[in-house]
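Asker:
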Amino acid sequence: NAGVTQTPKFRILKIGQSMTLQCTQDMNHNYMYWYRQDPGMGLKLIYYSVGAGITDKGEVPNGYNVSRSTTEDFPLRLELAAPSQTSVYFCASTSAGGGGQPQHFGDGTRLSIL
Amino acid sequence: AQSVTQLGSHVSVSEGALVLLRCNYSSSVPPYLFWYVQYPNQGLQLLLKYTSAATLVKGINGFEAEFKKSETSFHLTKPSAHMSDAAEYFCAVSERSNQGGKLIFGQGTELSVKP
């Protein structure tokens, strides 16, 4: 069982470029999340989805877009990369939004914007 | 708004010593509480969680945490540190009314273990 898979693992972008961070899970989880992790700041929620076709903003959505066309995939799009988006991005999933179900995390994408 | 505070961004202990990592939450209604561990260049791995059963929760790798409502705390402990425990630890909460399952994370505590 692969769990949550993120690609790429590392990427360097130039300011103004765009890219899509891929996330896929094979656990048939309805709920999926994107977080960014910055040193000393913990993880901040960017976007989340409660099922295919349904997405919503988290705490720090500016500069990002998401889509959820299938249960398995939840890509994160950066349209105009800015240095402030240099971060480590984590995708997570869980089977249910309530009841204290834990989230399962991918290994992250380390993104640098230069 | 719900918040999570982890006291101490860096904690250093000697091998074999007690590990104590502190976490306090802000809501008046006890949330669901989680501790995650992150090893270098990896994702987050669940250590343990509190939902509403026993207030003392046992997790993996010998860690445990005690939920104290009166102190709004969920501190993580391990009686005897091992070198392999060196990692970053995150406390996280999810409000019971939150059907989206969103997590709010503390700032993280980096644990160093000295030989």
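Chains Z and Y supply the protein sequences, listed in that same order. Quick note on numbering: the first sequence equals residues 1 to 114 in this note's numbering. Quick note on numbering: the second sequence equals residues 1001 to 1115 in this note's numbering. The beta carbon of each residue, even a glycine, is placed where N, CA and C say it ideally should be.
#1: Starting from the C-beta of residue 63 of chain Z, find all residues in its chain whose C-beta is less than 7 Å away, skip the five residues before and the five after it, and write them out in chain order.
#2: Quick check on this structure: which residue in Y/1107, Y/1061, Y/1042, Y/1074 has the alpha carbon closest to the alpha carbon of residue 1052 of chain Y?
#3: Which residues does DSSP list as the beta-bridge partners of residue 24 of chain Z?
#4: Taking buried to mean at least 16 other C-beta atoms within 10 Å of its own C-beta, is residue 1092 of chain Y buried or exposed?
#5: Helix, strand or coil: which one does DSSP assign to residue 37 of chain Z?
#6: Output the residue ranges of the beta strand (DSSP E) runs that lie fully inside the region 1012–1045 of chain Y and measure 3 residues or longer, sorted by chain position.
#7: Tell me the rounded alpha-carbon separation between residue 10 of chain Z and residue 47 of chain Z.
#8: Taking a contact to mean a Cβ-Cβ separation below 8 Å, would you say residue 955 of chain Y touches residue 1047 of chain Y in this structure?
#9: By DSSP's criteria, residue 1109 of chain Y is part of a beta bridge. Which residues make up the other side?
#10: Could you tell me the alpha carbon to alpha carbon distance between residue 75 of chain Z and residue 1025 of chain Y, rounded to whole angstroms?
#11: Can the beta-carbon of residue 42 of chain Z be found closer than 8 Å to that of residue 1106 of chain Y?
#12: Judging by CA-CA distance, which residue of Z/65, Z/87, Z/107, Z/102 is the nearest neighbour of residue 12 of chain Z?
#13: Would residue 1087 of chain Y be called buried (16 or more neighbouring beta carbons within 10 Å of its own) or exposed?
#14: Let me know the beta strand (DSSP E) ranges lying completely inside the region 57–113 of chain Z, each 3 residues or longer, listed in chain order.
#15: Would the region 87–96 of chain Z and the region 24–33 of chain Z be scored as touching if the rule is three or more Cβ pairs under 8 Å?
#16: For residue 1064 of chain Y, name the three-state secondary structure that DSSP assigns.
Answerer: In short, the structure shows the following:
#1: Excluding its 5 nearest sequence neighbours in each direction, residue 63 of chain Z has C-beta neighbours in its own chain below 7 Å: 78, 82, 85, listed in chain order.
#2: Ranking Y/1107, Y/1061, Y/1042, Y/1074 by Cα distance to residue 1052 of chain Y puts Y/1074 first.
#3: In the DSSP assignment, the residues bridged to residue 24 of chain Z are Z/5, Z/73.
#4: Under this definition residue 1092 of chain Y is a buried residue.
#5: Of the three classes helix, strand and coil, the one that applies to residue 37 of chain Z here is strand, per DSSP.
#6: Taking only runs of at least 3 residues, the beta strand (DSSP E) segments lying wholly in the region 1012–1045 of chain Y are 1019–1021, 1032–1038.
#7: Taking the straight line joining both Cα atoms gives about 21 Å.
#8: Given that chain Y is displayed from residue 1001 to residue 1115, the structure contains no residue 955 of chain Y and the question cannot be resolved.
#9: Paired residue(s): Y/1089.
#10: Those two C-alpha atoms are separated by around 31 Å.
#11: Contact check for residue 42 of chain Z against residue 1106 of chain Y passes: the beta carbons are separated by less than 8 Å.
#12: Per the Cα distances, Z/87.
#13: Residue 1087 of chain Y comes out buried.
#14: With a minimum length of 3 residues, the unbroken runs of beta strand (DSSP E) contained wholly in the region 57–113 of chain Z fall at 64–66, 76–78, 87–94, 109–113.
#15: Using a Cβ-Cβ distance cut-off of 8 Å, the region 87–96 of chain Z and the region 24–33 of chain Z are in contact, since at least three pairs of beta carbons, one from each stretch, lie closer than that value.
#16: In the structure shown, residue 1064 of chain Y sits in a strand (DSSP, three-state: E or B).
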